[in-house]
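Working notes for the structure below.
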Amino acid sequence: MKSDLSHGQLQMLIQVSNAINSTLDLDVVFNTIMKETLAVIEAADEGFLFLYDPTDDYLVAKSVFLRDNDVLSVVRLKPGESMTGITFLRKTCTHFPDRESVQRAASTMSSSNQQRLREADPIFPSSAASAPIMSNGECIGVITLDCFRPDASFKPEDMQLLEAISHQAAIALEKANLYRDKEKSVELLETLNTQMKKQNHLLNRSLEIHQSLAALVLQGEGVSAILDHVHRLMEQPIILLDQMGEILSSAPAFRELEYQVKNKLETIQHSIPSSLTHGAVYPPFGTRKMPNGCMVFPIGAKPNFLGYLALLSEKPLDEVNMAALEHVCTVISFELVKEQAVFETEQNLRGQFIEQLFTGHISSRLIEQAKHLHMDPHRSYQVLTINFENDRRESTDFYDRLLAARRNLIQIATDSFLQTHPLGMIVAKQEQLVVLLSFASNQSWKDIRSSMEDQCQRFTTAICIKNWGLKASIGIGGIKKGLKDVYKSSEESIRCVSFLKNYKMEQPYLSYPELGSKRLLLQNDTEDLLDYVLEILGPLLRYEKSRKREFLHTLTTFLDHSLKMKETASALNIHLNTLIYRVKRMEEILGISLTNQKQFLDVSIAIEIYQLLETEIEERLTRETTVYL
1027 MKSDLSHGQL QMLIQVSNAI NSTLDLDVVF NTIMKETLAV IEAADEGFLF LYDPTDDYLV
1087 AKSVFLRDND VLSVVRLKPG ESMTGITFLR KTCTHFPDRE SVQRAASTMS SSNQQRLREA
1147 DPIFPSSAAS APIMSNGECI GVITLDCFRP DASFKPEDMQ LLEAISHQAA IALEKANLYR
1207 DKEKSVELLE TLNTQMKKQN HLLNRSLEIH QSLAALVLQG EGVSAILDHV HRLMEQPIIL
1267 LDQMGEILSS APAFRELEYQ VKNKLETIQH SIPSSLTHGA VYPPFGTRKM PNGCMVFPIG
1327 AKPNFLGYLA LLSEKPLDEV NMAALEHVCT VISFELVKEQ AVFETEQNLR GQFIEQLFTG
1387 HISSRLIEQA KHLHMDPHRS YQVLTINFEN DRRESTDFYD RLLAARRNLI QIATDSFLQT
1447 HPLGMIVAKQ EQLVVLLSFA SNQSWKDIRS SMEDQCQRFT TAICIKNWGL KASIGIGGIK
1507 KGLKDVYKSS EESIRCVSFL KNYKMEQPYL SYPELGSKRL LLQNDTEDLL DYVLEILGPL
1567 LRYEKSRKRE FLHTLTTFLD HSLKMKETAS ALNIHLNTLI YRVKRMEEIL GISLTNQKQF
1627 LDVSIAIEIY QLLETEIEER LTRETTVYL
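Under my numbering, the first residue of the sequence shown is numbered 1027, with each subsequent residue one higher.
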């Protein structure tokens, strides 16, 4: 080929070859090929280089030099389409000597490509020349030149030079492709090396984390030390929650958390359902990112679910930190199981002691047990029985909730009662807590009673705030000297709980001394009490069935003021004569005289029972009316 070129053409070819081999950047190579080709072939007004894409089976424009625009840069040609496609299939230089031959070649283009061609230049070239770019016997692309001047055309020597340039272009492209492949290989090796370094770093860090956690466990450090370590490691607040969403431990301490962090924690706590149907027995969610960006990890698994570990950070966790936190959860679960075992053992020992103590049989062995539990046989004692009921009628998971909240309930009871009386103890027993309080023998019973109401109120309020669906009632036994009579206080507290269950009271707690004469009601069943009330007050209740119980209210107030007319009239805000009339009328209806001591006592007791069983009595009266009708 080179022997057929003239000296001038060889000079031009050398010029083109030097230019296109001066760079290994493919994009620069494409443009240099076309720029130099247009410069050395005088007849060429436009030119473009297409490379074949075997994946899509299209020739794609890589470099386009047009007179007015580069619309052909988006053109994709099928093999055999237009002058470029025809040359691609022929694998030889092709000369299109006149406009007619150019138009015939252009007619093979798709309609969309023809439209683009007309938009680029409505005038067809007067002639054109195309040369295939060959590599290893395969055509990898095409160089096409257009001539628009009628007085110019591509000469045979131009075709020879174009063919020679296409060979040089093939060599340059092979070199550039080889360089790009090597460049990619180097980049891949660098990427792999970086990844290996990163993985090695992550592995070392992971081992360091696991070793430090193992060291904490072997040293006997508890949950707080583990959380402090994780906090230093992650540089973010971390909180341990139990299955009810209550805080067990945190790092830093909860009081040191910022306001925004506490808000994030509240969001997480609200996401933990208080109902344990899918909560405490089975965690409501696994490891996941919360809407506020924090990460929450479950601790334990069904059926021994223990709580949650919450990382209060919006920063994404890498694989090592994620794995580390999962490992932390495993370590903490072991610690919590250990703590739970200790708690259960203490509860069992105290439960056995309480059970034996409440039998009333005090043995020397029991006295020794009492001393180990810091129970002085000569101090004064009082028993509180706290009973829990389901406060969600539609929910059937009461016992699940109660079991899950048991440690929380004991803690609340400890804060409410044992802060003042630290020598006492609390034992969980089925749906109840038994609180045994200890007092110095010289302590004022009056002071004890006055503070007890505040403590009970504090406890019941705390339970309501938690919104666990539990309702507490507290029976308060009397204060007894020495351990031998503690069982009596227990029995009294149970009677108070029974009374609270069966009768309407303003407060959810009741002490046995306050029960007074009402304790007699515990010896009779409800039906007997209803019969008694209707026997004494029935005529008045039936007389006022359709009214607003004006007489009954008057009678109650009259009894409360010890039958004193003026005080009663003032309390009712009525005229004295009106009161005299009402009293006389009530005595007529009931067939009694309130000055009769026995009848006065009967009415007083009946009124007190009515106030406790008002709903049941009114229902009985309603049924009687229905049957009569």
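Heads up, the beta-carbon is just placed ideally off N, CA and C, and yes, glycines get one too.
Nothing here was measured: the structure is a model prediction, and the numbers come from that model.
TODO: Could you say which of GLU1216, PRO1158, CYS1173 lies nearest to ILE1713 if we only look at CA atoms?
DONE: The structure shown does not extend to residue 1713, since the chain is modelled only from 1027 to 1655, so the question has no answer here.
Task: Near the ligand NAD: GLN1456 beta-carbon under 8 Å from a heavy atom - done: In terms of ligand content, the structure shown is empty, and the ligand NAD therefore cannot be addressed.
TODO: Please go through the same chain and pick out, in chain order, the residues whose beta-carbon is closer than 7 Å to the beta-carbon of VAL1137, but skip the five residues on each side of it.
DONE: For clarity, residue 1137 is Ser in the given sequence; the question names Val instead. Here the set comprises nothing.
- [ ] Go ahead and pull the three-state DSSP assignment for ASP1402.
- [x] coil
- [ ] Evaluate TRP1494 with the Cβ neighbour count: other Cβ atoms within 10 Å of its Cβ, from every protein chain shown; 16 or more gives buried, anything less gives exposed.
- [x] buried
TODO: At 3 residues or longer, and completely inside the segment 1129-1183: list those beta strand (DSSP E) runs for me, N to C.
DONE: 1153-1161, 1164-1173
Open item on the list: Quick check on this structure: which residue in ARG1608, TYR1334, GLU1107, LYS1497 has the alpha carbon closest to the alpha carbon of ARG1419?
Closed with: LYS1497
Open item on the list: Taking its Cβ as the centre, do 16 or more other Cβ atoms sit within 10 Å of SER1276, making it buried, or is it exposed?
Closed with: buried
- [ ] Compute the Euclidean distance between the alpha carbons of GLU1062 and LYS1088, then round it to the nearest angstrom.
- [x] 15 Å
- [ ] Determine the burial state of THR1641: buried for a count of at least 16 other Cβ atoms within 10 Å of its Cβ, exposed for fewer.
- [x] exposed
TODO: Could you check what DSSP says for GLN1408 in three-state terms: helix, strand or coil?
DONE: strand
Open item on the list: Less than 9 Å between the beta carbons of LEU1616 and LEU1560, yes or no?
Closed with: no
TODO: Could you check what DSSP says for SER1683 in three-state terms: helix, strand or coil?
DONE: The structure shown has nothing for residue 1683, since the chain only spans 1027 to 1655.
- [ ] Could you name the residues of the same chain whose beta carbon sits closer than 8 Å to that of MET1027, not counting the 5 residues immediately before and after it, in chain order?
- [x] Confidence in MET1027 is poor, its pLDDT being 49 and thus under 50, which makes the residue's placement too unreliable to answer from.
Task: Beta-carbon proximity list for PHE1577, same chain, < 8 Å, skipping 5 on both sides - done: LEU1566, TYR1569, GLU1570, ARG1608, ARG1611, MET1612, ILE1615
TODO: To the nearest angstrom, report how far apart ASN1139 and MET1260 are at their CA atoms.
DONE: 60 Å
Task: Strand pairing of ARG1102, partner residues [DSSP] - done: VAL1086
Task: With 16 other Cβ atoms within 10 Å as the buried cut-off, status of GLU1518 - done: buried
Task: Whole-Å CB distance - LEU1362 paired with LEU1332, under 8 Å assumed - done: 5 Å
Task: Which residues DSSP lists as bridging ASN1413, in chain order - done: GLN1458, SER1499
- [ ] Could you pull the start and end residues of the beta strand (DSSP E) that PRO1273 belongs to?
- [x] For clarity, residue 1273 is Ile in the given sequence; the question names Pro instead. Run containing ILE1273: 1273-1277, per the beta strand (DSSP E) assignment.
TODO: Between the Cα of LYS1544 and those of GLU1381, HIS1236, ALA1279, ARG1521, spot the shortest distance and give me the residue it belongs to.
DONE: ARG1521
- [ ] Over the uninterrupted beta strand (DSSP E) stretch that includes ASN1330, give me the two end residues.
- [x] 1330-1337
- [ ] Starting from PRO1123, follow the alpha helix (DSSP H) in both directions and report where the run begins and ends.
- [x] No alpha helix (DSSP H) holds PRO1123; DSSP gives it neither H nor E.
Task: CA-to-CA distance, GLU1370 to ARG1023, given in whole angstroms - done: No information on residue 1023 is available, as it lies outside the stretch 1027 to 1655 that the chain covers here.
Open item on the list: Suppose you measure from the CA of LEU1428 to the CA of ASN1416; what does that come to, to the nearest Å?
Closed with: 9 Å
- [ ] To the nearest angstrom, report how far apart TYR1636 and SER1406 are at their CA atoms.
- [x] 36 Å
Open item on the list: Quick check on the burial criterion: 16 or more other C-beta atoms within 10 angstroms. Buried or exposed for PHE1525?
Closed with: buried
TODO: Work out the CA separation of ALA1632 and LEU1639 for me, nearest whole Å.
DONE: 10 Å
Open item on the list: Is the beta carbon of LEU1435 closer than 9 Å to that of LEU1463?
Closed with: no
TODO: Taking ASP1268 as part of the beta strand (DSSP E), name the residues at either end of that continuous run.
DONE: 1264-1268
Open item on the list: When you compare the CB positions of SER1499 and LYS1472, do they come within less than 9 Å of one another, or not?
Closed with: no
TODO: Write down the C-beta distance between THR1217 and VAL1168 rounded to the nearest angstrom, noting that I regard them as a contact closer than 8 Å.
DONE: That belief does not hold up - the Cβ atoms of THR1217 and VAL1168 are roughly 35 Å apart, past 8 Å.
Task: Cβ neighbour criterion (16 or more within 10 Å) applied to TYR1529 - done: buried
Open item on the list: With three or more C-beta pairs closer than 8 Å as the rule, is the segment 1225-1232 touching the segment 1208-1215?
Closed with: no
- [ ] Just mark SER1359 as buried or exposed, buried being the case when its beta carbon has 16 or more other beta carbons within 10 Å.
- [x] buried
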